[in-house]
Amino acid sequence: MIYKRKLSTENRGIGMTSQGTRDRLVQRLREEGIKDERVLKAMTQVPRHKFVDEALSSRAYENTALPIGQSQTISQPWIVARMTEAILDGGKPQKVLEVGTGSGYQAAVLAHLVPKVFTLERIDELLKLARRRFHGLRLNNIYARYADGHVGWPSQAPFGGIMVTAAAKVVPQELLDQLAVGGQLVAPVERGGMQRLLAIRRTEDGFEENDLGAVIFVPLLSGL
Ligand code: SAH
Numbered sequence: 000m001i002y003k004r005k006l007s008t009e010n011r012g013i014g015m016t017s018q019g020t021r022d023r024l025v026q027r028l029r030e031e032g033i034k035d036e037r038v039l040k041a042m043t044q045v046p047r048h049k050f051v052d053e054a055l056s057s058r059a060y061e062n063t064a065l066p067i068g069q070s071q072t073i074s075q076p077w078i079v080a081r082m083t084e085a086i087l088d089g090g091k092p093q094k095v096l097e098v099g100t101g102s103g104y105q106a107a108v109l110a111h112l113v114p115k116v117f118t119l120e121r122i123d124e125l126l127k128l129a130r131r132r133f134h135g136l137r138l139n140n141i142y143a144r145y146a147d148g149h150v151g152w153p154s155q156a157p158f159g160g161i162m163v164t165a166a167a168k169v170v171p172q173e174l175l176d177q178l179a180v181g182g183q184l185v186a187p188v189e190r191g192g193m194q195r196l197l198a199i200r201r202t203e204d205g206f207e208e209n210d211l212g213a214v215i216f217v218p219l220l221s222g223l
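Numbering (numbering that gives the first Met the number 0), first residue to last: 0 to 223.
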C-alpha cells in the first residue's frame, strides 16, 4: 500500500511541488494577463519542479527564473507563457523550433500544444539532462539536438513557429529563412542597451515586427 501511494504522488508532487501549488501559479499567470487557456492548461500539466535541481524544487512554482547550472537559467513562468501564447497566435503550428533547450521546460510546455517540437542546445550537459526529463515524462514528440542554434534545423524547415530563448544582437537570418509564411518567430533581441521581446511574422511579401516588451535573458552565444 505504502509503495502504491509513493508511485501515485511521484508526478503530482507533494507540499511545495503539489498540483495545488502548480494550479496557484497558473491562476497568478491568468491574473497577470495570460489569456490563452490552451497555454494555461499546458502549464498546469507540466511539472516544473522536475526541470530544476531537487534542491530548488520547493521554489519551482514561484514566478521567477531559477539557475540550472552552467551559468544558465530556466525562464520565468510568465515569460514561458507569454512566448508560447505568441507562438500560437494566429493558428496552431505543426512544427515548432526552439533555440536554447536549457532545462527543457519550455519545450515540454510546447509539446503539450503542437504535434512536433525541435529544440537545439549548445551545452551538452544540459541537453543530456533535458533529454532524460523528456523521456521520464514520455514526451516523445520532442526532438533535441546538440548544435549551435544560429543555423537552425534546415532539414526540418519550414517551421510554423520559432522560439529563441536566449538574447541575440540580431535575429539570425538562417532562422528567418526557416520560418513558414504565416508563422511567427519570437525572440529577445538587444536594442539600445536593453532586451526587447520581438514577435516577427513572415508574410507573403516579407516580415512584420511586433514589440512585446522589455525582458531579461541570458545571451545567445556562438559555437559549441
Ligand atoms: N528554454 C530554456 C531556457 C534556456 S536559457 C528552458 O525552458 O529552460 C537559454 C539556453 O540557451 C541556455 O541553455 C544556453 O546554453 C542556450 N544557448 C545559448 N546560445 C545558444 C546557441 N547559439 N545555440 C543553442 N543554444 C544556445
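In this text, a Cβ means the ideal position worked out from N, Cα and C, and glycines have one as well.
- prompt: Which of the three DSSP states, helix, strand or coil, is assigned to Gln183?
  reply: The DSSP-derived three-state label of Gln183 is strand.
message: Using 8 Å as the threshold, is the C-beta distance between Leu211 and Ala106 below it?
response: no
message: Strictly by DSSP, which residues pair up with Gly160?
response: Val95, Gln183
task: Tell me, please, whether the region 20–27 touches the region 60–75 by the rule of three or more beta-carbon pairs shorter than 8 Å.
output: yes
- prompt: Along the chain, where does the alpha helix (DSSP H) that runs through Lys40 open and close?
  reply: 36–44
- request: Measure from the alpha carbon of Gly151 to the alpha carbon of each residue in Lys34, Gly103, Val116, then state which is nearest.
  value: Val116
message: Quick check: the Cα distance between Glu30 and Leu24, rounded to an integer number of angstroms?
response: Distance between Glu30 and Leu24, taken at the CA atoms: about 10 Å.
field: In chain order, each alpha helix (DSSP H) run of at least 4 residues that lies wholly inside the region 98–123
entry: 104–110
- prompt: For the ligand SAH, is there a heavy atom less than 7 Å away from the beta-carbon of Thr83?
  reply: Relative to the ligand SAH, the beta carbon of Thr83 is positioned no closer than 7 Å to any heavy atom.
- request: Given a cut-off of 8 Å, decide if Ile141 and Phe110 are closer than it, judged by their beta-carbon atoms.
  value: Note on residue identity: the sequence assigns Ala, not Phe, to residue 110. Their beta carbons are under 8 Å apart, which means Ala110 touches Ile141 by this criterion.
- request: Kindly examine the ligand SAH and report whether one of its heavy atoms sits closer than 7 Å to the Cβ of Thr65.
  value: Before going on, a small fix: residue 65 reads as Leu here, not Thr. Answer for Leu65: no, Cβ out of range of the ligand SAH.
- request: Just the C-alpha distance for Gly182 and Leu55, rounded to the nearest angstrom, thanks.
  value: 36 Å
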